[in-house]
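Below is one structure, written out as structure tokens; comments come after it.
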Amino acid sequence: RLPSTRRLPFLMTMARTRPAGWVRVIATFLAGLITGIISRLPLRQDSLTSMSCGASQHEAPVSQHAGSPISGRPDMTQQMVSAPMSNVGSDAFSAHAALMQRIYPLYSMATPWHAIEFSAYDIVLITGPQRSGTTWVACALASSLNYTLFDERHPITGGNDTLRALQRAFAYLAARGEKAVIQSPMATQILHLLPLYPKLLVLFLARNCLDVFLSQNKVDRRLGGWTCSAGRTKELRKYRNRAELRPYFDDREMICKIKQDVWHRYQLHELERRRHEAAHIAHGANLTATVTFESFRNHPLWLQNEKRKKLNIKTTNCKLVGQTPSRTRWSTRQWMSEAEAALAAEQHMGRSIVGPQPVERHAGEPRRLLAAPQEAPALRTQRATQR
Numbered sequence: 001r002l003p004s005t006r007r008l009p010f011l012m013t014m015a016r017t018r019p020a021g022w023v024r025v026i027a028t029f030l031a032g033l034i035t036g037i038i039s040r041l042p043l044r045q046d047s048l049t050s051m052s053c054g055a056s057q058h059e060a061p062v063s064q065h066a067g068s069p070i071s072g073r074p075d076m077t078q079q080m081v082s083a084p085m086s087n088v089g090s091d092a093f094s095a096h097a098a099l100m101q102r103i104y105p106l107y108s109m110a111t112p113w114h115a116i117e118f119s120a121y122d123i124v125l126i127t128g129p130q131r132s133g134t135t136w137v138a139c140a141l142a143s144s145l146n147y148t149l150f151d152e153r154h155p156i157t158g159g160n161d162t163l164r165a166l167q168r169a170f171a172y173l174a175a176r177g178e179k180a181v182i183q184s185p186m187a188t189q190i191l192h193l194l195p196l197y198p199k200l201l202v203l204f205l206a207r208n209c210l211d212v213f214l215s216q217n218k219v220d221r222r223l224g225g226w227t228c229s230a231g232r233t234k235e236l237r238k239y240r241n242r243a244e245l246r247p248y249f250d251d252r253e254m255i256c257k258i259k260q261d262v263w264h265r266y267q268l269h270e271l272e273r274r275r276h277e278a279a280h281i282a283h284g285a286n287l288t289a290t291v292t293f294e295s296f297r298n299h300p301l302w303l304q305n306e307k308r309k310k311l312n313i314k315t316t317n318c319k320l321v322g323q324t325p326s327r328t329r330w331s332t333r334q335w336m337s338e339a340e341a342a343l344a345a346e347q348h349m350g351r352s353i354v355g356p357q358p359v360e361r362h363a364g365e366p367r368r369l370l371a372a373p374q375e376a377p378a379l380r381t382q383r384a385t386q387r
């Protein structure tokens with residue numbers, strides 16, 4: 001197609017060199033003229049209404065001849081095409097609910113933090129998707145309650161068995177009569193296997209997954225962001241390897257949404273079911289809470305977004321995080337040994353830390369992370385003698 005400045009000379013040349021050129025020139029000129037005139041005419045209100053499906057449904061009544069051969073609608077003679085405002089509001093609400101279900105499944109069930117009486121619990125386990133704010137929330141609650149803080153980097157939670165590490169931490173705190181807030185985002189996939197422990201609150205931190213996604217990918221940028229380096233690999237694999245969790249998530253979703261879906265659809269109800277069944281063993285155990293991160297805006301340590309830009313992982317305005325002991329080989333062995341001794345002593349005395357019953361694993365079925373067996377009496381005696 002030639003530019004407009006060269007189009008007319010080209011048509012004149014074509015007309016002189018070809019016998020039927022003038023006919024084509026005239027036809028082309030008239031077609032362009034008519035098209036230009038029509039494109040500049042104002043649209044009639046009835047035509048505009050007939051071609052817009054729902055954009056003007058909440059407006060005033062339109063022309064009686066709202067039908068149009070373009071849209072295929074019949075004439076709307078003496079009828080109103082406007083819909084009631086209640087329908088518009090209902091559609092908007094439905095669309096909003098559908099959107100929030102995709103990016104924030106826990107939105108409708110999450111409660112504010114100040115609605116929970118945290119002082120009624122000896123142990124508060126803070127968990128949720130990585131980079132959802134669990135570090136700051138755990139530290140802020142520990143500061144407010146004057147509890148000990150066990151950050152996820154604490155030596156007592158060392159090792160590759162998250163469930164066993166939490167059992168050790170629970171027993172250690174019970175032996176010392178100490179109250180603590182434990183931060184463990186890595187525990188999300190084993191929450192339904194937690195032992196029934198008196199005065200334990202399992203708090204799942206709920207946050208918009210788009211915000212979590214942006215926060216996650218500020219980490220490991222050289223590897224394409226945390227989503228690529230860990231979220232879609234190691235973290236997703238933990239959920240895929242558990243047959244009991246597979247029916248409750250879509251592995252095509254964000255890892256944050258996967259964790260929220262599994263908590264909402266399965267783990268929360270499983271913990272409550274076990275609590276009711278074993279109420280005679282541990283009354284009030286495993287009480288659960290789903291708390292929205294945004295509700296902490298009224299906490300004294302809350303910082304606005306612009307003030308949090310310079311903060312990195314484990315760099316917060318909460319001082320307790322910086323007091324976490326370093327996880328060296330020596331410190332980890334020392335903390336784990338003392339905690340294991342407390343766990344063995346508790347099991348020997350018969351104080352119940354009841355986990356789910358072991359399930360026989362068939363060939364080809366992924367291994368389930370169950371409670372570790374008790375130590376032999378001889379080993380317990382030997383360890384007590386060494387201590």
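Quick note: the sequence shown uses the UniProt record's numbering, first residue 1, plus one each step. We treat Cβ as the ideally placed atom computed from N, Cα and C, and that holds for glycine.
Residue range Cys209 to Gln216 is occupied by the alpha helix (DSSP H) that includes Phe213. Uninterrupted alpha helix (DSSP H) stretches at least 4 residues long and entirely within the region 99-163 occur at 134-145, given in chain order. Between Val124 and Glu270, the alpha-carbon positions lie close to 18 Å from each other. If you look at Val219, you'll find it isn't in any alpha helix (DSSP H); DSSP assigns it neither H nor E.
By the criterion of at least three beta-carbon pairs nearer than 8 Å, the region 322-335 is in contact with the region 134-154. Of the candidates Ala97, Ala140, Phe93 and Gln130, the residue whose Cα lies closest to the Cα of Phe118 is Ala140. Under the Cβ criterion (8 Å, minimum of three pairs), the region 177-191 counts as touching the region 158-166.
Counting the other CB atoms within 10 Å of its CB gives Gln101 a total below 16, which places it among the exposed residues. For Ala341, the secondary structure class from DSSP, reduced to helix, strand or coil, is helix.
Remark: C-beta atoms of Ser215 and Arg131 approach each other more closely than 8 Å.
Beta-bridge partners assigned by DSSP to Thr292: Ala206. Residue pairing by DSSP places Ala180 opposite Ile123 and Thr148 in a beta bridge. Taken through DSSP and simplified to helix, strand or coil, Leu201 comes out as strand. Closest by C-alpha distance to Arg274, out of Asp161, Leu287 and Val262, is Leu287. Assignment of Leu194 by DSSP, reduced to helix, strand and coil, places it in the coil class.
The beta-carbon separation of Ile255 and Gly224, rounded to 14 Å, does not stay under the 8 Å limit for a contact.
Sorting Asn298, Thr135 and Thr290 by C-alpha distance to the C-alpha of Val262 places Thr290 at the top. Annotation: Leu301 is outside any alpha helix (DSSP H) and is labelled neither H nor E by DSSP. In the structure shown, Leu287 adopts extended strand secondary structure according to DSSP, grouped into three states. About 11 Å separates the CB atoms of Gly128 and Thr135; that is not less than 8 Å, and the two are not in contact.
Annotated as proximal: Gln260 and Leu106, with beta-carbon spacing under 8 Å. Shown here, Leu245 sits in coil according to DSSP, grouped into three states, outside any helix or strand. According to the DSSP assignment, Asp261 belongs to the alpha helix (DSSP H) that extends over Ile255 to Val262. The residue among Ser143, Ala180, Ala92 and Arg207 with its C-alpha nearest the C-alpha of Ser295 is Arg207.
For Ala174 and Ala339, the gap between their C-alpha atoms comes out near 10 Å. Between the alpha carbons of Glu244 and Val202 lies a gap of roughly 20 Å. In the three-state DSSP reduction, Pro185 falls in the helix class (H, G or I).
Restricting attention to Phe93, Phe293, Ile182 and Glu272, the CA atom closest to the CA of Pro112 is found in Phe293. The alpha-carbon separation between Arg297 and Phe170 amounts to approximately 30 Å. A direct Cα-to-Cα measurement between Trp335 and Ala120 gives close to 27 Å. For Tyr266, there is no enclosing alpha helix (DSSP H), as DSSP marks it with neither H nor E.
Under the three-state reduction of DSSP output, Arg232 falls in the helix class. Gly322: member of the alpha helix (DSSP H) spanning Lys319 to Gly322, first to last residue. For Tyr172, the CB contacts under 6 Å within the same chain, skipping 5 residues up- and downstream, are Ala339 and Ala342 in chain order.
Under the criterion of beta carbons closer than 8 Å, Leu191 and Ala278 do not qualify as touching, at roughly 16 Å.
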